[in-house]
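Q:
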Amino acid sequence: MKPNSIYANITAVGKYLPESIITNQHFETELDTSDDWIVSRTGIKQRHKVSNGQASVYMAVKAVEDLFRNSNVSSGDIDSIIVCTITPDMFFPSCACLVQKEIGANKAWGFDLSAACSGFVFGLETASNMIQSGNYKKIIVIGVDTMSSILDYTDRNTCILFGDGAGAVLLESNSTHGIMDSILKVDGNGGDYLYMPGGGSLNPTTEKTIANKLHYVKQDGANVFKRAVKGMTNVTLELMSRNQLSSNEIDLFIPHQANKRIIESVANKLNLNDEQVLINIDKYANTTAATIPIGIHDAINRKKLKHNDNLILSTFGAGFTWGSMYIKWNSDD
């Protein structure tokens, strides 16, 4: 636990899922797959997809608007905006700039953070340190991804796994509750197993990169699965040990929602029961940086978080990036 009398506390949460829903039955008509196959291997039953003309900024703004409805602050109170995403509307300006404009947060500055599925937790750690500096009072951290924009819908190994969505949290200072500790890691050796080769400065867009489908997600699922289970388990155990937390003292575990079998394997290794683990991958699929803030929102709606609860977040993504965070929950509910 950090020796600091100022903690970054989550005081409001918002989320947004597009109206359009793609069920597994849709893929049965397009690919060599079935609902039973998808559910048994991933736990996914459906996913959301944005409409034409909508993308990450649109969803992020909708999530922030939901957040404001759940708080007593307005856009003019916000000091900073961190948007965690790998699917920005464009390389520049950043999503954070465009969100700032759309919500009218006239005194806020901000930036985008890219850490794939781990982006939101990395963003929380960044914002936590900003709050602890004493220079910032109210920070919005957004996890958002428009995964439909980078999926090859002829590749059943990837297109069934992802969905679009956004989640946002408001962080404010607190003397007793909030983000207590985190352990975050990266390993660039994992770059060969989950990546998108086209569109950056190395492989800028050309007819050839488009023809070769370089602008879509590429994944070695078996390697990612093994590393995710090992990484999330080990880093969470390390965090628990450092904070003298036993398994039965964890009130809620919200893991990144990439695959139900990954979640169940990690939970089993952590000796957590079903009631301690939030799973919502069946409704949303993998929304990348948005899975954990959407999970926090769902946990609140399901009355799974109460005052003084020990909340653990854990994530794993491309890079490889991974980590876990310990939050002492503050709520009067």
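In this text, residue positions in the sequence shown follow the working numbering: the first is -16, and each later residue adds one.
Where a beta carbon is used, it is the ideal one built from N, C-alpha and C, also for glycine.
Would you check if there are 3 or more beta carbon pairs closer than 8 Å linking the stretch 39 to 59 to the stretch 181 to 196?
A: no
Q: Out of curiosity, what's the CA-to-CA distance linking ASN251 and LYS209?
A: 15 Å
Q: If I measure Cβ to Cβ from VAL248 and keep anything under 6 Å in the same chain, skipping five residues before and after, which residues do I get?
A: The question names Val, but residue 248 in the sequence shown is Ser. Answer for SER248: VAL212, listed in chain order.
Q: On a CA-only basis, which of VAL33, ALA268, SER17 is nearest LEU144? Give me that one, please.
A: Ranking VAL33, ALA268, SER17 by Cα distance to LEU144 puts ALA268 first.
Q: Measure the Cβ-Cβ separation of ILE122 and ILE193 and say whether it is below 8 Å.
A: No, these two residues do not count as a Cβ contact at 8 Å.
Q: With H, G and I counted as helix, E and B as strand and the rest as coil, what does DSSP make of GLY(-3)?
A: strand
Q: By the three-class DSSP mapping on this structure, what secondary structure does ASP128 have?
A: Looking at ASP128 - three-state DSSP - the assignment turns out to be strand.
Q: Let me confirm a value: ASP175 is counted as buried when at least 16 other C-beta atoms fall within 10 Å, else exposed. Which label applies?
A: When all chains shown are included, ASP175 counts as exposed.
Q: Please give the ranges of any beta strand (DSSP E) in the stretch 211 to 258, keeping only runs that are unbroken, at least 3 residues long and fully inside the region.
A: 235 to 238
Q: Whose CA, out of LEU255, LEU288, PRO1, lies closest to the CA of VAL127?
A: Selected option, being the one with the closest Cα: PRO1.
Q: Check whether the Cβ atoms of ILE125 and CYS67 sit closer than 8 Å, and answer yes or no.
A: yes
Q: Which residues in the same chain as THR274 place their Cβ atom closer than 6 Å to its Cβ, once the five residues preceding and following it in sequence are excluded?
A: HIS239, GLN240
Q: Output the distance between the C-alpha atoms of ASP72 and ILE(-7), rounded to the nearest integer angstrom.
A: 27 Å
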